[in-house]
Amino acid sequence: MEIIRLTPNEQDVGVRLDRYVAEAMQVTRSQAQIWIEKGAVTINGIPASKKWPIALGSVIEIIPPAVRSTDVTPQDIPLDICYEDDDLLVVNKPKGMVVHPAAGHEDGTLVNALLFHCGHSLSGINGVLRPGIVHRIDKDTSGLLMVAKNDMAHQGLAEQIREHSFLREYEAVVTGHLKENAGTVDAPIGRHPKDRLKMAVTPLHARQAISHYQVLEQLKGFDHVRVSLETGRTHQIRVHMAYLGHPVAGDTLYGGRAVAAFEGQCLHAKTLGFVHPRTGQALQFDSELPPYFAEFLQTLA
Numbered sequence: 011m012e013i014i015r016l017t018p019n020e021q022d023v024g025v026r027l028d029r030y031v032a033e034a035m036q037v038t039r040s041q042a043q044i045w046i047e048k049g050a051v052t053i054n055g056i057p058a059s060k061k062w063p064i065a066l067g068s069v070i071e072i073i074p075p076a077v078r079s080t081d082v083t084p085q086d087i088p089l090d091i092c093y094e095d096d097d098l099l100v101v102n103k104p105k106g107m108v109v110h111p112a113a114g115h116e117d118g119t120l121v122n123a124l125l126f127h128c129g130h131s132l133s134g135i136n137g138v139l140r141p142g143i144v145h146r147i148d149k150d151t152s153g154l155l156m157v158a159k160n161d162m163a164h165q166g167l168a169e170q171i172r173e174h175s176f177l178r179e180y181e182a183v184v185t186g187h188l189k190e191n192a193g194t195v196d197a198p199i200g201r202h203p204k205d206r207l208k209m210a211v212t213p214l215h216a217r218q219a220i221s222h223y224q225v226l227e228q229l230k231g232f233d234h235v236r237v238s239l240e241t242g243r244t245h246q247i248r249v250h251m252a253y254l255g256h257p258v259a260g261d262t263l264y265g266g267r268a269v270a271a272f273e274g275q276c277l278h279a280k281t282l283g284f285v286h287p288r289t290g291q292a293l294q295f296d297s298e299l300p301p302y303f304a305e306f307l308q309t310l311a
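For what it's worth, this note's numbering labels the leading residue of the sequence shown as 11, then goes sequentially.
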């Protein structure tokens with residue numbers, strides 16, 4: 011039975027075990043808690059509670075559960091595949107497509123399409139036989155997404171994300187004009203204290219979040235920006251831009267005004283770079299701005 015060993019770094023010190031495992035393995039926190047409760051996670055060889063704080067020098071060992079079949083139905087949905095080999099693939103997700111099935115979105119998702127495309131070449135690192143979505147982007151965010159076909163690739167790519175060596179660059183249109191043409195937002199992100207559908211910059215139960223931005227062009231009432239992620243928190247760019255007072259155009263959840271030409275936020279995952287977990291080769295991919303984004307820029311020029 012495969013045992014996965016993880017070694018925390020300085021930024022992990024004090025983080026709860028369930029949160030650390032969830033982020034390191036790119037699974038949900040509830041899934042990590044199930045593993046811990048079943049004794050599948052140990053610290054220095056000793057089973058620990060989900061609330062146990064991580065200490066520097068600890069060795070966390072995880073025995074993933076036996077893989078079970080998924081209830082998600084494979085669907086023949088066209089995929090824009092930028093790269094594929096036996097271990098992984100990079101897809102260009104269209105705006106409006108949900109990544110994982112959920113209430114209200116039981117089918118037509120990226121996972122439905124990947125199950126059809128990949129067949130039996132799937133990652134089972136989370137205990138479910140399905141393509142390993144190593145990182146996520148929102149339904150109304152378009153762009154590049156990494157998928158692992160096996161547990162080796164999933165673990166290797168997730169480790170790069172945890173160590174912040176995974177290149178993720180986005181382009182967005184934000185409302186108003188930023189005071190500086192380039193800058194860094196270093197502000198912790200956690201669940202919004204009053205609205206559970208939102209995230210927020212908050213000191214309570216939050217994780218460090220760092221975004222680097224650069225203004226590419228000033229437009230009529232908007233800025234076209236590039237944002238690179240040093241961390242990868244839920245809604246990070248949307249929250250950080252709103253925190254600066256310049257929410258992403260169309261992002262009504264975080265204070266941006268609606269745009270008639272499209273639904274949701276004007277945000278595109280444009281560049282993805284990582285080291286191949288098997289070959290060690292450095293790979294980088296870039297996607298063109300989708301029509302909704304390019305056309306919106308033209309209206310503002």
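Even for Gly, the Cβ is constructed at its ideal location relative to N, Cα and C. Quick caveat: nothing in here was measured; it's all calculated off a predicted structure.
Candidates the options, of which the one nearest residue i by Cα
i, options, result
"Val-285", "Glu-71, Val-25, Ala-163, Ala-112", "Ala-163"
"Asn-19", "Thr-281, Leu-125, Val-69", "Val-69"
"Ala-168", "Val-225, Glu-190, Glu-33, Ser-59", "Glu-33"
"Val-249", "Leu-98, Thr-212, Pro-111", "Thr-212"
"Glu-227", "Gly-129, Tyr-180, Asp-196, Ala-311", "Ala-311"
"Ile-199", "Ala-182, Tyr-302, Ile-247", "Ile-247"
"Ser-297", "Val-101, Val-31, Ala-65", "Val-101"
"Val-121", "Asp-95, Asp-96, Asp-97, Met-156", "Met-156"
"Thr-289", "Val-269, Gly-166, Ala-50", "Gly-166"
Classification of residue i by the beta-carbon crowding that lies within 10 angstroms, buried from 16 upward
i, result
"Gly-274", "buried"
"Ser-175", "exposed"
"Ala-123", "buried"
"Val-23", "exposed"
"Met-11", "Only weak support exists for where Met-11 lies, its pLDDT of 48 falling under 50; the coordinates are left without a value."
"His-215", "exposed"
"Pro-88", "exposed"
"Ile-72", "buried"
"Thr-309", "exposed"
Extent of the continuous beta strand (DSSP E) run through residue i
i, result
"Ser-40", "That residue, Ser-40, is in no beta strand (DSSP E); its alpha helix (DSSP H) goes 39-47."
"Phe-232", "232-239"
"Val-225", "220-228"
Cβ-Cβ separation, residue j to residue i (assumed contact under 8 Å), whole Å
i, j, result
"Glu-240", "His-256", "The Cβ separation is near 19 Å, so there is no contact."
"Arg-172", "Met-209", "Rounded, the Cβ-Cβ distance is 19 Å, inconsistent with contact."
"Cys-92", "Leu-154", "7 Å"
"Leu-299", "Arg-178", "So it is not a contact: roughly 16 Å between Cβ atoms."
"Gly-265", "Ala-252", "5 Å"
"Lys-105", "Asp-150", "6 Å"
Same chain only: Cβ atoms within 8 Å of residue i, ignoring 5 sequence neighbours per side
i, result
"Arg-267", "Thr-185, Ala-259, Gly-260"
"Lys-60", "Arg-26, Leu-27, Asp-28, Ala-42, Gln-43, Ile-46, Glu-47"
Nonlocal neighbours in the same chain, by C-beta distance under 7 Å from residue i, ignoring five residues either side
i, result
"Val-86", "In the sequence as displayed, the identity of residue 86 is Asp instead of Val. Contacts found: Phe-126."
"Ile-64", "Pro-18, Asp-22, Val-23, Gly-24, Val-25, Leu-27, Tyr-30"
Cutoff 6 Å; reference residue i; Cβ partners in own chain excluding five residues on either side
i, result
"Ala-192", "Gln-224"
"Gln-170", "Phe-176, Phe-284"
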